[in-house]
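Trainee:
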Amino acid sequence: MATLSLHENPRLIGHTWATGLLQSSIAAGKVSHAYIFSGPAGVGKTRLALDFALALNCENQLAEHQLAEQHPTGQGQEAKGLWYCGECRACRLIAAGKHSDVTTISLAWQALQTENQGSANANLKIDTIRAIQAEISRPPKEVAWRVYIVQDVNTMQAAAANAFLKTLEEPPTRAILILLSDSDRTLLPTIVSRCQLIELRAVATVTIEEALKEQGASELIAHTLAALAAGRPGWALRAFQDRTHQDLNDRDEAIMQLMELLPGDRIKRMGFAEDLTKKWQEGGNKRASIQTMLNIWLGWWRDLALVRAGLLQFLTNVDKLDDLKKQAKKLTDLQIKEMLLGITRAAAQLEGNVTPRLALGDLFINKLPRI
């Protein structure tokens with residue numbers, strides 16, 4: 343088994359309350375056996391988990407009272423946050439994703455274990471959970487703690503979730519499980535109750551903007567990406583580092599789909615709902631792309647409301663101001679409000695397992711104005 347490397351995950355931006363809490367638990371010797379890090383994709387869950395694994399196992403980990411007297415930045419962490427030296431053998435191996443005692447489990451890892459290597463897997467299966475159980479009871483080979491970072495945990499099948507629950511009920515002494523989920527509401531309540539929940543909140547836009555500037559982004563790019571990030575610094579940093587700006591391309595595609603639907607008749611709109619339903623049934627990244635589309639639409643309609651209110655300084659899609667102004671003139675405040683409520687409701691229904699055909703059909707037919 344292997345884990346992700348730090349190079350694959352942008353540095354942690356914000357969340358000083360979470361890093362401080364975790365560092366204090368290490369210093370006090372009161373580390374929980376299981377954690378849930380929840381929050382939207384790109385907010386920093388994976389990087390926080392990797393930093394926690396480093397702080398737990400750094401060979402030069404300092405006591406809490408020493409942190410103020412040192413340069414407690416680890417690999418970019420803020421004062422009194424998670425501390426690790428970044429230079430000892432354990433730190434180097436964990437950072438490179440090569441430490442045998444720090445493991446990441448994910449749908450991608452699961453796919454590589456199947457006969458059809460690289461095949462798509464929509465759910466974490468019971469065999470994957472059993473692979474964790476087979477190793478977790480063994481003591482760590484080289485460091486203080488075995489750490490298992492479990493991504494895609496919200497995709498666990500019922501049998502896998504029940505098997506995982508047994509592991510939480512009988513925790514080993516020197517192992518820590520870190521579950522990463524977009525929302526704890528998608529997990530079994532019995533699993534949530536046996537973990538320490540850390541909900542990562544949206545990071546301030548100005549904080550993300552400053553981080554982008556530190557990476558060399560221009561004022562315009564930093565401002566645009568920070569606004570589009572919706573509190574997700576990881577998303578913003580990846581969008582900047584990807585010089586093709588694929589995330590901006592995804593944004594433009596979602597807005598184009600919306601523009602094509604606005605003048606469309608009932609048949610066109612239901613056809614689009616059917617297409618999205620088929621994508622949703624494929625699971626995995628296809629589902630995530632639909633939620634991303636709805637989030638982009640939500641930001642667009644919020645911007646339309648801001649344009650009509652004259653609050654241009656709060657826009658997300660700042661580079662689309664001319665398009666927003668033209669469209670805002672064709673809509674009423676009530677139409678915009680209904681669409682904002684409709685998108686929010688559809689996203690919640692999809693998360694609650696309402697069929698996409700029903701949730702999206704209602705949105706496209708009953709809420710989306712025709713202009």
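Counting from 1, position 334 in the sequence shown corresponds to residue 676 in this note's numbering; the numbering is continuous, with no gaps.
No residue lacks a Cβ here, since even glycine has one placed at the ideal position from N, Cα and C.
For Gly-386 and Lys-610, what's the separation of their Cα atoms in angstroms?
Mentor: Going from the Cα of Gly-386 to the Cα of Lys-610 covers about 38 Å.
Trainee: With DSSP as the reference, identify every bridge partner of Ser-380, one or two as the case may be.
Mentor: Ser-380 pairs with Ser-523, Glu-541.
Trainee: Determine which residues share a DSSP beta bridge with Ala-517 and list them.
Mentor: Its beta-bridge partners are Arg-488.
Trainee: What first and last residue would you give for the alpha helix (DSSP H) that runs through Val-534?
Mentor: Its alpha helix (DSSP H) spans residues 531-534.
Trainee: Per the DSSP calculation, Ile-474 is bridged to which residue(s)?
Mentor: In the DSSP output, where bridge partners are listed per residue, Ile-474 has none listed.
Trainee: Our contact map puts Arg-488 next to Ala-453 with C-beta atoms below 8 Å; I'd like the distance itself, whole angstroms only.
Mentor: With 8 Å as the limit, Arg-488 and Ala-453 do not qualify as a contact, their Cβ atoms being about 23 Å apart.
Trainee: Any idea if Thr-586 is buried or exposed, counting beta-carbon neighbours within 10 angstroms, 16 or more meaning buried?
Mentor: Model confidence at Thr-586 stands at a pLDDT of 46, short of 50, so the residue's coordinates are unreliable and nothing is read from them.
Trainee: Out of curiosity, what's the CA-to-CA distance linking Ile-685 and Gly-381?
Mentor: Cα to Cα, Ile-685 sits roughly 19 Å from Gly-381.
Trainee: Going along the chain, which residues of its own chain have a beta-carbon closer than 7 Å to the beta-carbon of Glu-551, five neighbours each way excluded?
Mentor: Here the set comprises Ala-564, His-565, Ala-568.
Trainee: On the three-state DSSP scale, how would you describe Val-548?
Mentor: Helix.
Trainee: Quick check: the Cα distance between Gln-499 and Asn-465, rounded to an integer number of angstroms?
Mentor: Rounded to whole angstroms, Gln-499 to Asn-465 spans 6 Å at the Cα level.
Trainee: Just to confirm, is the Cβ distance from Leu-657 to Asp-645 under 8 Å?
Mentor: Contact: yes.
Trainee: Using beta-carbon positions only, say whether Arg-687 and Thr-619 come within less than 8 Å of one another.
Mentor: No, they are not a contact pair.
Trainee: Considering only C-alpha positions, which residue in the set Tyr-490, Asp-469, Gly-371, Cys-433 is nearest to Phe-379?
Mentor: Here the closest residue by C-alpha is Tyr-490.
Trainee: Is the separation between the beta-carbon of Gly-576 and that of Ala-544 shorter than 8 Å?
Mentor: Taking 8 Å as the Cβ cut-off, Gly-576 and Ala-544 do not qualify as a contacting pair.
Trainee: Buried or exposed: which applies to Leu-579, given that a residue is buried once 16 or more other Cβ atoms fall within 10 Å of its Cβ?
Mentor: Buried, by the Cβ-count rule.
Trainee: I'd like to know whether the C-beta atoms of Ile-597 and Tyr-377 end up nearer to each other than 8 Å.
Mentor: Their beta carbons are not under 8 Å apart, which means Ile-597 does not touch Tyr-377 by this criterion.
Trainee: Tell me whether the beta-carbon of Leu-600 lies closer than 8 Å to the beta-carbon of Trp-639.
Mentor: Result yes, Cβ atoms of Leu-600 and Trp-639 sit closer than 8 Å.
Trainee: Per DSSP, which residues does Val-444 bridge with? Please list them.
Mentor: In the DSSP output, where bridge partners are listed per residue, Val-444 has Val-489.
Trainee: When you compare each of Gly-694, Ala-647, Cys-433, Gly-423 to Ser-525 by their alpha carbons, which one comes out closest?
Mentor: Nearest C-alpha to Ser-525: Gly-694.
Trainee: Can you find the residues in the same chain that come closer than 6 Å, C-beta to C-beta, to Pro-513, ignoring five residues on each side of it along the sequence?
Mentor: Cβ within range, chain order: His-375.
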